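Worksheet: the structure to be examined is printed underneath.
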Amino acid sequence: MTEDLTTRLHDLADSAPPRVMDVEGVLQQGRRSLRRQQAAALGGGTAVLAATGLALSVLAHTGSAASGTPVAGGTPATSAAATKPSAPAPALDPHDPIVTHWQFGYLPEGMTVDGDAGSLNATASMVWAYADSGFGLRLQTLDREPPGQPDGKGSLHKISTQVQGAAVAYWYGDDGRGGLVQDVNDSLPILNMARLVWQLPSGQWFMITAVNVDTRTDWKEQTLKAAAQVIRQDRSAPAPIRLTRVPEGFSLLGGVVTRDILSTFIAFGGITTREIGGSYGELDLTMTPSDPAAARTKIVAFPLGKKTDDLPPMQKDDTDTCADANGLTVCVIVPRDHQAALKAIGGAEGLLQRVTALGDDPAKWTTDVVD
37 MTEDLTTRLH
47 DLADSAPPRV
57 MDVEGVLQQG
67 RRSLRRQQAA
77 ALGGGTAVLA
87 ATGLALSVLA
97 HTGSAASGTP
107 VAGGTPATSA
117 AATKPSAPAP
127 ALDPHDPIVT
137 HWQFGYLPEG
147 MTVDGDAGSL
157 NATASMVWAY
167 ADSGFGLRLQ
177 TLDREPPGQP
187 DGKGSLHKIS
197 TQVQGAAVAY
207 WYGDDGRGGL
217 VQDVNDSLPI
227 LNMARLVWQL
237 PSGQWFMITA
247 VNVDTRTDWK
257 EQTLKAAAQV
267 IRQDRSAPAP
277 IRLTRVPEGF
287 SLLGGVVTRD
297 ILSTFIAFGG
307 ITTREIGGSY
317 GELDLTMTPS
327 DPAAARTKIV
337 AFPLGKKTDD
347 LPPMQKDDTD
357 TCADANGLTV
367 CVIVPRDHQA
377 ALKAIGGAEG
387 LLQRVTALGD
397 DPAKWTTDVV
407 D
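In our numbering, each residue carries its 1-based index in the sequence shown increased by 36.
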């Protein structure tokens, strides 16, 4: 909870896929890991819209919105213009807390961008893309060379390579096998992956993590080609919910959007099946935006029928209220420290009335997330 976005992205780059053998256990572990990663990514920032969220979106649907269904009597959202897949990335929306700064300029045929993580004010961001085969590329923008155990210190070492236009480029290799691919488990749908790190002459660092590399023989060449064509471009990501007014005394710290819950697990080194996938949206509100460890009130949305022990994500002493609207379950989760402050608007129920559910179809999501 106390880590900033940049630090957390570095940590995620160093994390390894789980090695457990129980499938349901992996699913549960993935859900809990996602919550921890989201909480860490949403830490820090002094701006009201200090967006440090884990956002998954589809380029074909960025910036689009349609009339939504109010939750507990809220106001329907108005739509922004839809963006076609071939159109340039939409302009930054000041009402959207989710922004990435570098994008894939090239992807292998059959791959589409599934998600983003980042904020308007952070230098670090993340974009990932997948093919139907499960092969994926996760692009991380870093503000320094990633930590780890390079040069044989521990389990990883550097293997020099070339990325067109880069000043420095290397793979992280597995010291135990002397190869580039790390972590394969044939007993479960656990991904295997390789990591490419490079630096531009400007000093900007990047990492691409290629996952499920056994699904294509040219994964190395395609990863290097994608790295050579990364482009600088800010982009907002849409969300499946909208908040009409932030309560007095609160600030919107950030947000989370996923098109497919398990896409997130894949992106961070988890399971490759999508059996229980579904959209997920979250807005985090705080009363002390300068304190990354402060309590957060959460507004979360996910498809009907997906409620589990981990959805909505609850902490000790939290209270919640939920309602179904427009194909989504929307919940407001209030920590004990915020319950008194929300009484003026009717508590969690009053906050829920300010939320509009836009549905589970990304074509109906909006970048006009908050007033």
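A virtual CB, placed ideally from N, CA and C, is assigned to each residue, including glycine.
Treat the numbers as computed from the prediction; the structure is a model and nothing was measured.
Beta-carbon proximity list for residue i, same chain, < 8 Å, skipping 5 on both sides
i    : result
A205 : S196, T197, Q198, V199, L232, V233, W234, Q235, A263
E181 : V233, Q235, W241
6 Å Cβ shell around residue i - same chain, five flanking residues per side excluded
i    : result
G146 : A167
R332 : D320, T322
S161 : T136, H137, G154, T177
L216 : W207, G209, A230
G267 : Sequence check: residue 267 is Ile here, not Gly. Around I267: Q139, G141.
Q265 : G141, Y142
Option nearest residue i by Cα separation, candidates the options
i    : options                : result
V336 : M350, A330, D327       : M350
S169 : D397, L175, R252, Y142 : R252
L394 : P371, D356, G285, R278 : R278
T280 : Q139, F140, R390, V107 : R390
V366 : E385, A399, K352, Q375 : E385
M243 : W164, G285, N228, D250 : W164
F286 : D250, T324, K261, R268 : T324
S238 : G201, L340, P371       : G201
G370 : V149, D150, K334       : Inspection of the sequence shows that residue 370 is occupied by Val rather than by Gly. Ranking V149, D150, K334 by Cα distance to V370 puts K334 first.
Rounded distance between the beta-carbons of residue j and residue i, thought under 8 Å
i    : j    : result
D129 : T403 : 4 Å
V368 : H131 : Incorrect: roughly 20 Å between the Cβ atoms, too far for contact.
D270 : V135 : 6 Å
P276 : L364 : 7 Å
Q258 : P144 : 5 Å
Residue i: first and last residue of the uninterrupted beta strand (DSSP E) it sits in
i    : result
R278 : 277-279
D320 : 316-322
W138 : 135-140
L13  : It is not possible to answer for residue 13, since the shown part of the chain is limited to 37 through 407.
D373 : Run containing D373: none in the beta strand (DSSP E); it sits in the alpha helix (DSSP H), 372-375.
G172 : 172-178
D250 : Run containing D250: none; DSSP gives neither H nor E here.
W234 : 229-235
P359 : Checking the sequence shown, residue 359 turns out to be Ala, not Pro. It spans 355-361 - the beta strand (DSSP E) in which A359 sits, taken as one unbroken run.
C-beta atoms of residue i and residue j nearer than 9 Å
i    : j    : result
D396 : A330 : no
L173 : T245 : yes
T377 : V107 : First, the residue type needs correcting, since residue 377 is Ala and not Thr in the sequence shown. Taking 9 Å as the Cβ cut-off, A377 and V107 do not qualify as a contacting pair.
W255 : F140 : no
T357 : G383 : yes
Residue i: first and last residue of the uninterrupted alpha helix (DSSP H) it sits in
i    : result
T259 : 255-264
7 Å Cβ shell around residue i - same chain, five flanking residues per side excluded
i    : result
S122 : Only weak support is given to the placement of S122: the predicted model assigns it a pLDDT of 33, under 50, and the value that follows is read from those uncertain coordinates. For S122, where only same-chain residues beyond five positions count, there are no Cβ hits under 7 Å.
I381 : P283, L387
K261 : Y142
D250 : N228
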